[in-house]
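Residue numbers (UniProt numbering): 1 to 510.
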C-alpha cells in the first residue's frame, strides 16, 4: 500500500507539500494508513451490528487504487452518522469516528514540524484521507443504499489482509480472554492495542494525546473489555486468533487467577493496576527488510527517532513496578534498534525484580557476545522468526545468512537447556514459497530445543499488491496449491506438543 501511495501522483503531490524528509514521509504515510485501518475496523464492527450499511463495503475498496470519483470521505461519514441513531455499544459510532480522526490530527501535529502541520491544515484532513487507499467508490454504495438499491457484494479477495472483527453471535459466550485486561502493545504512533492488532485491530487510544493510564482506561479500552465480559467478543477477529479458532479460551467458571476472577465476578472494565505485559512496538528499526513486513530497510533517525524516544520515556517512566513482562519488540528487532538495544544494555533488573523480558527477534544479531552485554538475567523468553527451512528460502524471505542463524539458534538452545531462559520459541509465517519446508522447520526446532514451534498465516501489512498477496496466500481456498498445503499440514508431525498452528488451526483440523 505504501508503494502505491508514494507512486500515485495525487499522493506524491500531498507528500511533497507536507514533508521533505524521507523518514518523516514514511511516518506520515503510515499514520494515514494506520488510522484508516482503525476506521475500517470500527466500520466493519458497526456494519455487523447495523446491516444494511454502506460501511459494510468499505473493505471492498480499501486496497484499491483511487478512482476519478474523489468523494469526500469525511462527508460520507457525516452523512451516514446523521442518519443513524446511537448504538447499543458503550461508545457511539459517531464518537469513535470523530475520536479516531482527531487522534490522527494530534499524532501528525506531534510528529511533524510546525511548517508541515500548517500545510496539513491548509490541504484539509479529508483531502489527505482521500489519497490512495481510501475508499472513493463508497460514495456510490452510499447512494445506492439510500435509494433502496441492492449493494455490491464483498468478495474474499477484496478483504484480504484486513483484520475483520466479526459478529460471533453466541459462539464464545461464557468464555474469558485475559489479554484486554493484562496486555498493552504500543505502536510507532503511540497507539495502544489491548491484543495484537491483527486480532483486535481497534486501538484503545494513544500516548500522544493522553497519559499511559488514561489511554489504558479510555472509553475505547473499557468498551473492548466489556465485549469480553458480555461474551460478544465483537472487536475480535476469529480468522487471525488461534485461541478463538481452537475454542481454547477458558470458561468463566474455570478461571482461578484471583485478578481475573475479580474482573469476572464484579464485571470490572476499568483496570486501575495497569497492564501486566507491555509489547514495546514503537521502533520499526531492523537489520533486515523482510518483504512480508516492509518494503526496505528501516532505521529511525531525526524526528522519527525523537518520537520513538518520547513514547519510550512515557512507557518506561510510568513505573514498571507492576509490569511483569516486557516484549521487545513486535515492530522490528531489539538489536537492530538503537533505542531498544540501549535499553537492554542499561536496564538494571534489581530495580524491577518481578519483571521479565521477552526478546522477539530475527536472531541474527543475538550472538554470545551480544548476550553478555545486555541485562540477560532479566530475560526469560526468546522468540525467533525464521520463515524458512533452508538457506535459499531464508535468503528469499528474510535476506539473511542461514549459517549465522543456525549458529545463533544453537546458542539459544544451549541457554534453554542450561536453564538460563524459561522459554524458547521459533516462528514461521507460511506462504507459497515455504510451506513445503514446514516439516523441516519442525525438525530444526526440535534439534535446538525449542519449546514451541509456531506457524502463522501470511497477512498483508500493505507491502503487497492484491495480486501479489493472492499469489503467496496458500491458506486461501482459491490458491492453486491450497489442497497440497492442506495435505501437508495433516502430517502427524504437526500434532506434536511443541507445534502450535496459531491462526491455521481451523485449516489443520478441517
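All residues carry an ideal CB built from backbone N, CA and C; glycine is no exception. Everything numeric in this text was worked out from a predicted model, so none of it was measured.
Nearest in C-alpha terms to residue 244, of all of 267, 297, 173, 411, is 173. Rounded to the nearest angstrom, the Cβ distance from residue 504 to residue 489 is 7 Å, consistent with a contact under 8 Å. A straight-line Cα-Cα distance of about 20 Å links residue 227 and residue 276. Of the other Cβ atoms in all chains shown, 16 or more fall within 10 Å of the Cβ of residue 334; this residue is therefore buried.
A distance below 8 Å separates the beta carbons of residue 280 and residue 329.
A straight line joining the alpha-carbon of residue 180 with that of residue 360 spans about 21 Å. Excluding sequence positions up to five before and after residue 255, its CB lies within less than 7 Å of the CB of 176, 261, 264, all in the same chain and listed in chain order. Residue 381 has 358, 423 as its beta-bridge partners, per DSSP. Annotated three-state conformation of residue 376 is helix, per DSSP. Here the C-alpha atom of residue 253 lies approximately 13 Å from the C-alpha atom of residue 231. Here residue 228 carries a helix assignment [DSSP, helix/strand/coil]. Burial is judged here by how many other beta carbons sit within 10 angstroms of a residue's own beta carbon; residue 414 has fewer than 16 and is exposed. Pairing residue 30 with residue 188 gives a Cβ-Cβ distance under 8 Å.
Burial check for residue 251: the Cβ neighbour count within 10 Å stays below 16, so the residue is exposed. With the rule of 3 Cβ pairs closer than 8 Å, the segment 422-429 counts as touching the segment 377-385. Taking residue 387 as reference, the option from 420, 208, 308, 293 with the minimal CA-CA separation is 293. Beyond the five residues adjoining it in sequence on each side, residue 24 comes within less than 6 Å, by CB distance, of 303 in the same chain, given in chain order. Secondary structure of residue 175 (DSSP, three-state): strand.
Residue 457 sits in a strand when the DSSP states are folded into three classes. Within the same chain, and ignoring the five residues on either side of residue 391 in sequence, the residues whose Cβ sits closer than 8 Å to its Cβ are 402, 403. Just so you know, the alpha carbons of residue 317 and residue 481 end up roughly 50 Å apart.
Between residue 273 and the set 283, 282, 259, the nearest pair of CA atoms involves 259. Linking residue 509 to residue 456 through their CA atoms gives a straight-line distance of about 15 Å.
Annotation: the continuous alpha helix (DSSP H) that includes residue 309 extends over 302-316. Cβ-Cβ distances below 8 Å link residue 217 to 270, 271, 272 in the same chain, with the five nearest sequence neighbours on each side left out; the list follows chain order. Each of 410, 190, 478 was checked against the Cα of residue 432, and the nearest Cα belongs to 478. Distance from the CA atom of residue 208 to the CA atom of residue 267, rounded to whole angstroms, is 29 Å. Taking the Cα of residue 497 as reference, the smallest distance to any Cα among 485, 327, 453, 466 is reached at 453. In the DSSP assignment, residue 213 falls outside any beta strand (DSSP E) and lies within the alpha helix (DSSP H) extending over 212-216.
Shortest Cα-Cα distance from residue 212 to any of 115, 312, 168 involves 312.
In this structure residue 170 is exposed. Its beta-carbon is surrounded by fewer than 16 other beta-carbon atoms within 10 angstroms.
For residue 14, the closest alpha carbon among the candidates 370, 120, 472 is that of 120. Counted as a single uninterrupted DSSP element, the beta strand (DSSP E) harbouring residue 326 occupies residues 325-328. According to DSSP, residue 496 shares a beta bridge with no other residue.
By alpha-carbon distance to residue 459, the top candidate from 225, 19, 115, 239 is 239. Distance from the CA of residue 290 to the CA of residue 486, rounded to the nearest whole angstrom, comes to 25 Å.
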